[in-house]
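Residue numbers (numbering that gives the first Met the number 0): 0 to 338. All C-beta atoms, glycine included, are put in the ideal place defined by N, C-alpha and C.
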Amino acid sequence: MKKLKVAVVGAGIYGINHIKAFSWNKDADLVAVCDLNQDILDGLKDGFNVNIYTNIEKMLEDEDLDAVSIATPDFFHMEPALASIRKGKDILVEKPLATTVEDALMIIEEAKKYNVRVAVDYHKRWDPAAINLKNELLKESTGVPIRGYMNMDDIIDVPTKWFNWADKSSPVHFLGTHCYDQIRWYMGCEAVSTYAVGTKKLLKSKGIDSYDTIQAFIKFENDCYWTVENSWIYPSGFPKNNDGRTQILTENALLRLDSQNRGLEFYSNTKGQTPNSYFIINNNGRPYGFGIEPINDFVDCIINNKSFIADGKDGLESLRIAEAVHSSLESGEVVKIKR
Ligand SMILES: NC(=O)c1ccc[n+]([C@@H]2O[C@H](COP(=O)([O-])OP(=O)(O)OC[C@H]3O[C@@H](n4cnc5c(N)ncnc54)[C@H](O)[C@@H]3O)[C@@H](O)[C@H]2O)c1
Numbered sequence: 000m001k002k003l004k005v006a007v008v009g010a011g012i013y014g015i016n017h018i019k020a021f022s023w024n025k026d027a028d029l030v031a032v033c034d035l036n037q038d039i040l041d042g043l044k045d046g047f048n049v050n051i052y053t054n055i056e057k058m059l060e061d062e063d064l065d066a067v068s069i070a071t072p073d074f075f076h077m078e079p080a081l082a083s084i085r086k087g088k089d090i091l092v093e094k095p096l097a098t099t100v101e102d103a104l105m106i107i108e109e110a111k112k113y114n115v116r117v118a119v120d121y122h123k124r125w126d127p128a129a130i131n132l133k134n135e136l137l138k139e140s141t142g143v144p145i146r147g148y149m150n151m152d153d154i155i156d157v158p159t160k161w162f163n164w165a166d167k168s169s170p171v172h173f174l175g176t177h178c179y180d181q182i183r184w185y186m187g188c189e190a191v192s193t194y195a196v197g198t199k200k201l202l203k204s205k206g207i208d209s210y211d212t213i214q215a216f217i218k219f220e221n222d223c224y225w226t227v228e229n230s231w232i233y234p235s236g237f238p239k240n241n242d243g244r245t246q247i248l249t250e251n252a253l254l255r256l257d258s259q260n261r262g263l264e265f266y267s268n269t270k271g272q273t274p275n276s277y278f279i280i281n282n283n284g285r286p287y288g289f290g291i292e293p294i295n296d297f298v299d300c301i302i303n304n305k306s307f308i309a310d311g312k313d314g315l316e317s318l319r320i321a322e323a324v325h326s327s328l329e330s331g332e333v334v335k336i337k338r
């Protein structure tokens, strides 16, 4: 069987997972990697047999590719996405698809025009606990959902130490879009309106103009009301880089999902840690877990002509909610989600 020839654009903290996933996937041939940072590219030379580029246009010109995977910063997804689409490549884009609805629509329109497909890496849809929860929701005996709560929070090191573009993104784009997509997937319908409040204090005092926390109240078409909380200021001492919980009350049931306690506790003399054993772990060098599965599925769906589990429309709908949340934060009003 012909292997899928792939390139990765953006080889930072998360892009390296794409690189590892493709290089272990027996149906993929990781041909090239593009990043602006020459040190990162030089570091790849030993471990991976790939051609390296600092310019995506040159890479697209020189290489014979089937697909491109994009893991650049949140605000820089559209340019590599459009460049790849216009060369006829299927794309996998890290969440969020873009940072505005307008840009997301442009990506989707161009993909239609060039007859290529867009997948978005909403990896929470591959979390075994989330799949289990979704299956319970699908059972008639569970009854219709009435109220939902979800939080997803990062320790303060993420916006202050991990990368330098936090003020060009927000907890809504970085974390909220994951939640909005997940809730749409659980509910099986779209959001209709939102009211959101948020605080800009701590990060602002550290020179980062972004929200510390955002709480959004979201009404869905099925009349289920959700509260979604996202923050970027959990204390550094929290035993995991992020925290997440979901609770759904239905006619006949209460469903709870705990993303914090994932089976392993580790205590040293200085810190306790509760790593997520199911997300991305190193299994004798091979990357393994629900953070890797969407990348493998991308390859499988293209080779076997299957629908993507999360596609461009999912990326767009999640952004519609994100844009409405930001708009409500600014206006203090309930915002209807336009389509
Ligand atoms: N860090 C995480 O835990 C995490 C988890 C899931 C998803 N993501 C998503 O993955 C994406 C990347 O996040 P990250 O944490 O890896 O960021 P990062 O800053 O560590 O990496 C981004 C990389 O993109 C490169 N880059 C920037 N502009 C470029 C350009 N024009 N051409 C080529 N390369 C360019 C940078 O040099 C950098 O190496 C984001 O959209 C983020 O939301 C991150």
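DSSP beta-bridge partners for residue i?
i    : result
N282 : R285
L253 : L248
W225 : G147 and I217
G271 : Y266
K4   : D28
K199 : DSSP lists no partner for K199.
Y194 : F216
C33  : V8 and Y52
E93  : D120
N260 : Paired residues: none, contrary to the question.
A341 : This structure cannot speak to residue 341, because the chain is shown only from 0 to 338.
N114 : DSSP, once it has assigned bridges, lists no residue as partnering N114.
K335 : S192
Given a threshold of 16 other Cβ atoms within 10 Å of its Cβ, counted over all protein chains shown, does residue i qualify as buried or as exposed?
i    : result
V171 : buried
R116 : buried
I294 : buried
Q393 : Lying before the first or after the last residue shown, residue 393 is absent from the chain, which here runs from 0 to 338.
Y266 : exposed
V333 : exposed
M58  : buried
N16  : buried
E108 : exposed
T245 : buried
L96  : buried
R124 : buried
N281 : exposed
Within this structure, are the beta carbons of residue i and residue j separated by less than 7 angstroms?
i    : j    : result
Y179 : S327 : no
V32  : A10  : yes
P234 : G271 : no
Y277 : R261 : yes
F74  : T98  : yes
W164 : P72  : yes
V8   : I18  : no
V191 : D313 : no
V5   : A80  : no
I145 : L254 : no
V227 : D26  : no
I155 : I232 : yes
D61  : M77  : no
Y113 : G87  : yes
Using a Cβ-Cβ distance cut-off of 7 angstroms, determine whether residue i contacts chain B.
i    : result
R255 : The structure shown has no chain B; it contains just one protein chain.
Are there any heavy atoms of ligand 1 lying less than 6 angstroms away from the beta-carbon of residue i, as far as the coordinates show?
i    : result
G311 : no
G11  : yes
P72  : yes
I90  : no
N281 : no
C178 : no
L348 : No statement about residue 348 is possible, as the shown extent of the chain runs from 0 to 338 and does not include it.
I39  : yes
G14  : yes
D102 : no
D126 : no
D153 : no
E292 : no
F173 : yes
D34  : yes
F278 : no
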